[in-house]
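> Pasting a structure below so you can have a look.
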Amino acid sequence: MNIRFVPAPEVLTWARREILTEGGQLFNEDHAHLEYADVQFLWAPGSFAKQGRTVIGQCEEVTFRCGPWQKGRQQQQMSDWFGYVPAYLITLDARYCLECSDAEFCALVEHELMHIGQELDEFGSPKFTKEGLPKLTLRAHDIEEFVGVVARYGATPEVQRLIDAVAAGPTVSSASISRACGTCSRG
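Heads up, the numbering used here is the position in the sequence shown plus 1154, with the first residue counted as 1.
Spelled out as structure tokens, the structure:
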């Protein structure tokens, strides 16, 4: 296994074709604002632990809040990897992705894409840039709650939406996932 961080252009190509573009096997309208988003993918050599959890994927807005030399080094690294500095970067644990199922891989990629949301104005309408593209922002998870709290006190409206979604069943069949991932080298 490689111990370096490595650009993953094949993941971006696959995600654009199968998830972000209408007509893709896994097209998701929730990602419509990302069709032309400035995002890149990166393979990490492994996971890391944060707040007692194992992190296997991370989405970040690429910003440099540091001194000029550190900023220069970081910008140079991005340019070496991608040819420019992208607006958003999704890093995936290569070891996990090598061993997980197709459905788990798809869920991980979509989870990280969900973190790139479209900004809303004061009326709740989507914001756009001067160029007419969606104005993007990082967004948090829809819900964050402990199972024990829900078991004791019931579901908040956000948790209830999740419960309803689970009860309705998946909208993407296993067949769609296998067709979309059929050419990947993970088998």
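Cβ atoms here follow ideal geometry from the backbone N, Cα and C, with glycine treated the same way.
Owing to the predicted nature of the structure, the values given are computational and were not obtained by experimental measurement.
1. Mind checking Y1307: buried by the 16 CB within 10 Å criterion, or exposed?
2. Work out the CA separation of T1291 and P1161 for me, nearest whole Å.
3. Express the C-alpha separation of F1236 and T1310 in angstroms, rounding to a whole number.
4. In whole angstroms, what is the alpha-carbon distance linking D1234 and P1280?
5. Count the other CB atoms within 10 Å of the CB of E1189; is the residue buried (16 or more) or exposed (fewer)?
6. Between the Cα of L1246 and the Cα atoms of F1282, C1260 and I1317, which residue gives the shortest distance?
7. For the structure I just gave you, are there three or more beta carbon pairs, one from the segment 1191 to 1211 and one from the segment 1248 to 1264, closer than 8 Å?
8. Does the Cβ of W1223 have 16 or more other Cβ atoms within 10 Å, making it buried, or fewer, making it exposed?
9. Which stretch, first to last residue, makes up the beta strand (DSSP E) that contains G1271?
10. Where does the unbroken alpha helix (DSSP H) through A1322 begin, and where does it stop?
11. To the nearest angstrom, how far is it from the Cα of E1298 to the Cα of R1315?
12. According to DSSP, is S1332 part of a helix, a strand, or is it coil?
13. Could you pull out every residue in the same chain whose Cβ sits closer than 6 Å to the Cβ of L1174, ignoring the five residues on either side in sequence?
14. Can I1244 and E1258 be called in contact, C-beta distance under 8 Å?
15. Around the Cβ of C1220, are there at least 16 other Cβ atoms within 10 angstroms (buried) or fewer (exposed)?
16. Taking the alpha carbon of V1193 as the point to measure from, which residue in G1286, A1321, G1271 and G1178 has its own alpha carbon closest?
17. So what's A1248 in DSSP terms, helix, strand or just coil?
If we stick to the structure as given:
1. For this step, residue 1307 is matched to residue 153 along the sequence shown. That one is exposed.
2. The residue you call residue 1161 lines up with position 7 of the sequence shown. The residue you call residue 1291 lines up with position 137 of the sequence shown. Just so you know, the alpha carbons of P1161 and T1291 end up roughly 22 Å apart.
3. Locating residue 1310 in the sequence shown gives position 156, counting from the first residue. Locating residue 1236 in the sequence shown gives position 82, counting from the first residue. Straight-line Cα distance between these residues: approximately 42 Å.
4. Here residue 1234 refers to the residue found at position 80 of the sequence shown. Here residue 1280 refers to the residue found at position 126 of the sequence shown. P1280 has its alpha-carbon roughly 34 Å from the corresponding atom of D1234.
5. Here the question's residue 1189 lines up with position 35 in the sequence shown. Exposed: under 16 other Cβ atoms inside 10 Å.
6. Position 92 of the sequence shown, counted from the start, is the residue given in the question as residue 1246. Of the listed residues, the one whose Cα sits closest to L1246 is C1260.
7. Judged by pairs of C-beta atoms under 8 Å, the segment 1191 to 1211 touches the segment 1248 to 1264, as three or more such pairs exist.
8. For the purposes of this step, residue 1223 is identified with residue 69 of the sequence shown, where counting begins at 1. Looking at its Cβ environment, which holds fewer than 16 other Cβ atoms inside 10 Å, W1223 is exposed.
9. One-based indexing of the sequence shown puts residue 1271 at position 117. Run containing G1271: I1270 to Q1272, per the beta strand (DSSP E) assignment.
10. Translated into positions along the sequence shown, residue 1322 becomes position 168. DSSP places A1322 inside the alpha helix (DSSP H), whose first and last residues are P1311 to A1322.
11. Position 144 of the sequence shown, counted from the start, is the residue given in the question as residue 1298. Position 161 of the sequence shown, counted from the start, is the residue given in the question as residue 1315. Roughly 12 Å between the two C-alpha positions.
12. The residue labelled residue 1332 in the question sits at position 178 within the sequence shown. The predicted position of S1332 is uncertain, since its pLDDT is 46 and thus under 50; a value taken from the coordinates is nonetheless stated next. Secondary structure at S1332: helix, using DSSP grouped into helix, strand and coil.
13. Counting from 1 along the sequence shown, the entry for residue 1174 is found at position 20. For L1174, where only same-chain residues beyond five positions count, the Cβ hits under 6 Å are H1185, L1188 and E1189.
14. Position 90 of the sequence shown holds residue 1244. Position 104 of the sequence shown holds residue 1258. Using a Cβ distance threshold of 8 Å, I1244 and E1258 do not count as a contacting pair.
15. Translated into positions along the sequence shown, residue 1220 becomes position 66. The residue is exposed, with fewer than 16 neighbouring Cβ atoms inside 10 Å.
16. As a working mapping, residue 1193 is identified with position 39 in the sequence shown. Nearest of G1286, A1321, G1271 and G1178 to V1193, Cα basis: G1271.
17. Position 94 of the sequence shown, counted from the start, is the residue given in the question as residue 1248. Helix at A1248.
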